[in-house]
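Chemist:
Protein chains: 2
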Amino acid sequence: VDTIFNPRYKMGRPEKGMISFISQSGATLCIIMDWMAHKCYRGAKFISYGNALNTDEADLIEYLVSDPDTGVICVYMEGIKNGRKFFEIAKANSRKIPIIALKGGVSDAAVNAVSTHTGSLAGAPEIYRAMFRQAGVIEASDLEQVFDFARVLSTQPMPRGKRIQIITNGGGFGVLMTDCIAKSGMELAGLNDEYYGELKKLISDHVVIRNPLDLTGDSSAEMYIEAIKGAMADPDVDMVAVILLLQLPTLAADIVEMVSEQNKTKKKPMIIISAGGEYTEVLKKSMEDYGIPCFSYPERAAMAMKALYDYSNFRGAKK
Amino acid sequence: VDTIFNPRYKMGRPEKGMISFISQSGATLCIIMDWMAHKCYRGAKFISYGNALNTDEADLIEYLVSDPDTGVICVYMEGIKNGRKFFEIAKANSRKIPIIALKGGVSDAAVNAVSTHTGSLAGAPEIYRAMFRQAGVIEASDLEQVFDFARVLSTQPMPRGKRIQIITNGGGFGVLMTDCIAKSGMELAGLNDEYYGELKKLISDHVVIRNPLDLTGDSSAEMYIEAIKGAMADPDVDMVAVILLLQLPTLAADIVEMVSEQNKTKKKPMIIISAGGEYTEVLKKSMEDYGIPCFSYPERAAMAMKALYDYSNFRGAKK
Chain A
1133 VDTIFNPRYK
1143 MGRPEKGMIS
1153 FISQSGATLC
1163 IIMDWMAHKC
1173 YRGAKFISYG
1183 NALNTDEADL
1193 IEYLVSDPDT
1203 GVICVYMEGI
1213 KNGRKFFEIA
1223 KANSRKIPII
1233 ALKGGVSDAA
1243 VNAVSTHTGS
1253 LAGAPEIYRA
1263 MFRQAGVIEA
1273 SDLEQVFDFA
1283 RVLSTQPMPR
1293 GKRIQIITNG
1303 GGFGVLMTDC
1313 IAKSGMELAG
1323 LNDEYYGELK
1333 KLISDHVVIR
1343 NPLDLTGDSS
1353 AEMYIEAIKG
1363 AMADPDVDMV
1373 AVILLLQLPT
1383 LAADIVEMVS
1393 EQNKTKKKPM
1403 IIISAGGEYT
1413 EVLKKSMEDY
1423 GIPCFSYPER
1433 AAMAMKALYD
1443 YSNFRGAKK
Chain B
1133 VDTIFNPRYK
1143 MGRPEKGMIS
1153 FISQSGATLC
1163 IIMDWMAHKC
1173 YRGAKFISYG
1183 NALNTDEADL
1193 IEYLVSDPDT
1203 GVICVYMEGI
1213 KNGRKFFEIA
1223 KANSRKIPII
1233 ALKGGVSDAA
1243 VNAVSTHTGS
1253 LAGAPEIYRA
1263 MFRQAGVIEA
1273 SDLEQVFDFA
1283 RVLSTQPMPR
1293 GKRIQIITNG
1303 GGFGVLMTDC
1313 IAKSGMELAG
1323 LNDEYYGELK
1333 KLISDHVVIR
1343 NPLDLTGDSS
1353 AEMYIEAIKG
1363 AMADPDVDMV
1373 AVILLLQLPT
1383 LAADIVEMVS
1393 EQNKTKKKPM
1403 IIISAGGEYT
1413 EVLKKSMEDY
1423 GIPCFSYPER
1433 AAMAMKALYD
1443 YSNFRGAKK
């Protein structure tokens, strides 16, 4: 506690991973690194370039594309110095490596703030949006979403489709996740009953094999694992969303390693949703460290799965 | 750490406060209490009512309206048993006390999930939405937003208008907050220079009194306090958004108490935006405990200020 309250802030530094970040704002980059370390998000290179006197975002993207440590490039920008150059470099590389951008100064009100901050010309948001889309740059709507997308894109395999299987031990969270999947334009998988044979041996009669698959309050780690294995084998399922409410007394900390083993197979994209207090946060950091993206609430999870699906489509489409 | 890893989850319980919660889902309510305790959000009464055999959400709202501890009522519901009764009770009380609802099962896909979970008829989302609006119930789009709204509505005074003054020590966050304010339909205050006399004595020449008011990297706690006092006195400002990036070395932990003193005046609504690692989280919990709503990123903060403004309009409007 002494170190925590030291007036000289003890800043976190993320462990080595695949997410690189280019930021036009220095303070924002400090926060990002501190926050990533706290959440156990892993990072590669972090570059603050301010008013960009003798370099620009396009040069830095080009550098990171050739960096063997970088698996995803994130950019916070307030303006683009040379639009044509940025467009060409982003377009040439966005199929090789995901590029996620957050554009500051998309409102008229922010144009003045941008001009006194980094001296950039903020430009019309519609032009940026269209340019990002044509160049294959993934646009995030806020800073948290940059990392929602980056974590899923840097750790999970490409899905073959948009059909999601929900596995849960809480009915309410299953309902909310279903709503969020529908809202994001993704779909619930119509699961194929025959792939869940091992699960059927473990579950009570009141559990129905369906979607959301609600293992209810007496779910064990074994049931979760068999349910995940079933979904990974089931040809009618493209992605797996595992809601893990750790408050329920039948789940112990060993579930973390067991779920991580399933994630290692990299057969299909998998994400975790888990919300609560200190104990939950500790276990989530541990899963995050194992390379499983963890979310607190359904909405952000569904949007991140959507971003992964969209990127897989974009990468698979003909140029 | 031993207690944290105990397989029997050590569940948090929130300290006494004004937020009450009615939930149709038991597991969801457990998570909410655990999460609130972790974040230092304060709570009054928590009621899980499941399939609602001999009571319903309308009865429970009526009970909480008369509860002296409750200042805001939050509801997670999957269906409503008696629509007319709910509407009448909500409408009769929503000007006295804010009622915030999150409706589970707003998508076609979720209707089946709801029917096996609580046995409710989920109903068309458009009908719920229209009913909430007519009854003065504030609808949240996800669980986090329920608490974004509840914390602001339970701790802050009603604003006179929608003009927000941003005070920041990071330019990028000031730009992003400006975008979010514009997106939410709120406005940047066109501040009145003459109220910031004390601040002018403290600041460097490179700081301009404007909006966002960027105190820059050499901001001190004293500058923040004078900036807040200026905004509280300035008739052209209705609400104050304070971005506090605690990574910067000139700010020490004493800023927490100093900002809390300003919040106690209750002259105008004030919220904090502060993001980062462990140190930031500890100081945010402390401010939350003092009754100042703290947000990590601009988007949620702007939406919560919008909800407060909308509610103040609703309450001020003729019946």
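First to last, the protein sequences are chains A and B.
Convert by adding 1132 to the 1-based position in the first sequence; the result is the number in the working numbering.
Convert by adding 1132 to the 1-based position in the second sequence; the result is the number in the working numbering.
Glycine residues also receive a C-beta, built at the ideal position from the N, C-alpha and C atoms.
Since this is a predicted model, take the numbers as computed values, not measurements.
From A/Ile-1205, A/Leu-1378, A/Tyr-1422 and A/Glu-1354, pick the residue whose C-alpha is nearest to that of B/Met-1143; which is it?
Modeler: Taking the first residue of the second sequence as position 1, residue 1143 of chain B is located at position 11. Answer by Cα proximity: A/Leu-1378.
Chemist: Pick helix, strand or coil for A/Gln-1297, following the three-state DSSP scheme.
Modeler: Here the question's residue 1297 of chain A lines up with position 165 in the first sequence. Residue state, collapsed to three classes: strand.
Chemist: Among residues of its own chain, excluding the 5 on either side of B/Met-1309, which ones have a beta-carbon nearer than 8 Å to its beta-carbon?
Modeler: Taking the first residue of the second sequence as 1, we reach residue 1309 of chain B at position 177. Once the five neighbours on either side are set aside, the close Cβ partners of B/Met-1309 are Ile-1298, Thr-1300, Pro-1344, Ala-1373, Ile-1375, Ile-1405, Pro-1430, Ala-1433 and Ala-1434.
Chemist: Note down, in chain order, all residues in the stretch 1374 to 1390 of chain A with a beta-carbon under 9 Å from any beta-carbon belonging to chain B.
Modeler: Residues passing the 9 Å Cβ filter: Leu-1377, Leu-1378, Gln-1379, Leu-1380, Pro-1381, Leu-1383, Ala-1384, Ala-1385 and Asp-1386.
Chemist: Are three or more beta carbon pairs between the stretch 1174 to 1184 of chain B and the stretch 1199 to 1210 of chain B nearer than 8 Å?
Modeler: The stretch 1174 to 1184 of chain B is in contact with the stretch 1199 to 1210 of chain B.
Chemist: Under 8 Å: do the stretch 1361 to 1368 of chain B and the stretch 1321 to 1340 of chain B share three or more Cβ pairs, one atom per stretch?
Modeler: Touching, yes.
Chemist: On the three-pair Cβ rule with 8 Å, is the stretch 1271 to 1278 of chain B touching the stretch 1340 to 1358 of chain B?
Modeler: no
Chemist: Apart from the five residues on each side of it in sequence, which residues of its chain come closer than 8 Å, Cβ to Cβ, to B/Pro-1257?
Modeler: Here residue 1257 of chain B refers to the residue found at position 125 of the second sequence. Once the five neighbours on either side are set aside, the close Cβ partners of B/Pro-1257 are Lys-1235, Val-1238 and Ser-1239.
Chemist: What number of angstroms, rounded off, separates the C-alpha of B/Ala-1242 from the C-alpha of A/Ala-1314?
Modeler: Along the second sequence, one-based indexing puts residue 1242 of chain B at 110. Along the first sequence, one-based indexing puts residue 1314 of chain A at 182. The straight-line gap from Cα to Cα measures roughly 9 Å.
Chemist: Span of the beta strand (DSSP E) holding A/Ala-1373?
Modeler: Working through the first sequence from its first residue, we reach residue 1373 of chain A at position 241. Start and end: 1371 to 1375.
Chemist: Return the residue from the list A/His-1170, A/Asp-1442, A/Val-1391 and A/Pro-1401 that minimises the CA-CA distance to A/Thr-1287.
Modeler: What you label residue 1287 of chain A is simply residue 155 of the first sequence in a count that begins at 1. Cα-wise, what sits closest to A/Thr-1287 is A/Pro-1401.
Chemist: Applying a beta-carbon distance threshold of less than 7 Å, which residues of chain A neighbour B/Pro-1344?
Modeler: Taking the first residue of the second sequence as position 1, residue 1344 of chain B is located at position 212. The contacting residues are Ala-1245.
Chemist: For B/Met-1168 and A/Lys-1217, what's the separation of their Cα atoms in angstroms?
Modeler: Numbered from its first residue, the second sequence carries residue 1168 of chain B at position 36. Numbered from its first residue, the first sequence carries residue 1217 of chain A at position 85. Using only the alpha carbons, I get a separation of about 48 Å.
Chemist: Identify which residue in B/Tyr-1441, B/Lys-1396, B/Glu-1393 and B/Val-1388 has its Cα closest to the Cα of B/Asp-1417.
Modeler: Taking the second sequence and counting its residues from 1, the one referred to as residue 1417 of chain B is at position 285. Going by the sequence as given, residue 1417 of chain B is Lys instead of Asp. Nearest of B/Tyr-1441, B/Lys-1396, B/Glu-1393 and B/Val-1388 to B/Lys-1417, Cα basis: B/Val-1388.
Chemist: Beta carbon of B/Leu-1196, beta carbon of B/Tyr-1181: below 8 Å?
Modeler: In the second sequence, residue 1196 of chain B corresponds to position 64, counting from 1. In the second sequence, residue 1181 of chain B corresponds to position 49, counting from 1. Result no, Cβ atoms of B/Leu-1196 and B/Tyr-1181 do not sit closer than 8 Å.
Chemist: Which class does B/Leu-1185 belong to by DSSP, given the choice of helix, strand or coil?
Modeler: As a working mapping, residue 1185 of chain B is identified with position 53 in the second sequence. Reduced to three states, the DSSP call for B/Leu-1185 is coil.
Chemist: Give me the Cα-Cα distance between B/Phe-1305 and A/Lys-1361, rounded to the nearest whole angstrom.
Modeler: On the second sequence, residue 1305 of chain B is found 173 positions in, with the first residue counted as 1. On the first sequence, residue 1361 of chain A is found 229 positions in, with the first residue counted as 1. Computed Cα separation, rounded: 43 Å.
Chemist: Ignore the nearest five residues each way along the sequence and tell me which others in A/Met-1419's own chain have a CB closer than 7 Å to its CB.
Modeler: Taking the first sequence and counting its residues from 1, one reaches residue 1419 of chain A at position 287. Cβ neighbours of A/Met-1419 beyond the five flanking positions: Val-1388, Val-1391, Ser-1392, Ile-1404 and Cys-1426.
Chemist: Could you check what DSSP says for A/Met-1150 in three-state terms: helix, strand or coil?
Modeler: For this step, residue 1150 of chain A is matched to residue 18 along the first sequence. In the structure shown, A/Met-1150 sits in a strand (DSSP, three-state: E or B).
Chemist: For B/Ile-1231 versus B/Val-1207, is the C-beta distance shorter than 8 Å?
Modeler: Position 99 of the second sequence holds residue 1231 of chain B. Position 75 of the second sequence holds residue 1207 of chain B. Yes. Within cutoff.
Chemist: Please classify A/Thr-1412 as buried or exposed, where buried requires at least 16 other C-beta atoms within 10 Å of its C-beta.
Modeler: Sequence index remark: in the first sequence, residue 1412 of chain A carries index 280 (1-based). So A/Thr-1412 ends up on the buried side.
Chemist: Need the endpoints of the alpha helix (DSSP H) that B/Gly-1304 sits in, please.
Modeler: Indexing the second sequence from 1 puts residue 1304 of chain B at position 172. Its alpha helix (DSSP H) spans residues 1303 to 1316.
Chemist: Residues of the stretch 1145 to 1175 of chain B in Cβ contact with chain D at a cutoff of 9 Å, in chain order, please.
Modeler: Chain labels in this structure do not include chain D; the protein chains are A and B.
Chemist: Within 8 Å of any Cβ in chain B, is that where the Cβ of A/Tyr-1429 sits?
Modeler: Translated into positions along the first sequence, residue 1429 of chain A becomes position 297. So yes, A/Tyr-1429 belongs to the interface.
Chemist: So the candidates are A/Ala-1159, A/Gly-1215 and A/Ala-1407; which of them puts its Cα closest to the Cα of A/Gly-1302?
Modeler: Within the first sequence, numbered from 1, the residue matching residue 1302 of chain A stands at position 170. Here the closest residue by C-alpha is A/Ala-1407.
Chemist: Comparing C-alpha positions only, which one of B/Leu-1275, B/Thr-1187 and B/Pro-1291 sits nearest to A/Cys-1312?
Modeler: Taking the first residue of the first sequence as position 1, residue 1312 of chain A is located at position 180. Across the set B/Leu-1275, B/Thr-1187 and B/Pro-1291, the C-alpha of B/Leu-1275 shows the shortest separation from the C-alpha of A/Cys-1312.
Chemist: Any beta carbon from chain B within less than 8 Å of A/Glu-1276's own beta carbon?
Modeler: To locate residue 1276 of chain A, count along the first sequence from 1; it is residue 144. Output row for A/Glu-1276: interface = yes.
Chemist: Alpha carbon to alpha carbon, what distance is there between B/Ile-1151 and B/Phe-1281?
Modeler: Along the second sequence, one-based indexing puts residue 1281 of chain B at 149. Along the second sequence, one-based indexing puts residue 1151 of chain B at 19. In a straight line, the C-alpha of B/Phe-1281 is about 11 Å away from that of B/Ile-1151.
Chemist: Apart from the five residues just before and just after A/Met-1318, which ones in its own chain have a Cβ nearer than 7 Å to its Cβ?
Modeler: For the purposes of this step, residue 1318 of chain A is identified with residue 186 of the first sequence, where counting begins at 1. Once the five neighbours on either side are set aside, the close Cβ partners of A/Met-1318 are Lys-1294, Ile-1296, Ala-1434, Met-1437, Lys-1438 and Tyr-1441.
Chemist: CA-CA distance, B/Arg-1265 and B/Cys-1162?
Modeler: Locating residue 1265 of chain B in the second sequence gives position 133, counting from the first residue. Locating residue 1162 of chain B in the second sequence gives position 30, counting from the first residue. Each residue's alpha carbon lies about 28 Å from the other.
Chemist: Of all the CB atoms in chain A, is at least one closer than 8 Å to the CB of B/Thr-1287?
Modeler: Counted from its first residue, the second sequence places residue 1287 of chain B at position 155. By this cut-off, B/Thr-1287 is not an interface position.
Chemist: Which whole-angstrom value describes the C-beta separation of A/Ala-1359 and A/Leu-1383, a residue pair presumed to lie in contact below a C-beta threshold of 8 Å?
Modeler: Numbered from its first residue, the first sequence carries residue 1359 of chain A at position 227. Numbered from its first residue, the first sequence carries residue 1383 of chain A at position 251. With 8 Å as the limit, A/Ala-1359 and A/Leu-1383 do not qualify as a contact, their Cβ atoms being about 13 Å apart.
Chemist: What is the DSSP secondary structure of B/Leu-1275, counted as helix, strand or coil?
Modeler: If you number the second sequence from 1, residue 1275 of chain B lands on position 143. Helix at B/Leu-1275.
Chemist: Just tell me which of B/Ile-1341, B/Arg-1292, B/Thr-1187 and B/Val-1369 has its CA closest to the CA of B/Pro-1449.
Modeler: Counting from 1 along the second sequence, the entry for residue 1449 of chain B is found at position 317. Per the sequence shown, the amino acid found at residue 1449 of chain B is Ala instead of Pro. Among B/Ile-1341, B/Arg-1292, B/Thr-1187 and B/Val-1369, the Cα nearest to that of B/Ala-1449 belongs to B/Arg-1292.
Chemist: Taking the beta carbon of B/Lys-1148 as the centre, do at least 16 other beta carbons fall within 10 Å, making it buried, or is it exposed?
Modeler: For the purposes of this step, residue 1148 of chain B is taken as residue 16 along the second sequence, with counting starting at 1. With a 10 Å radius around the Cβ and a threshold of 16 neighbouring Cβ atoms, B/Lys-1148 comes out exposed.
Chemist: Less than 8 Å separating the beta-carbons of A/Ile-1121 and A/Glu-1189?
Modeler: What is shown of chain A runs 1133 to 1451, which leaves residue 1121 of chain A out entirely.
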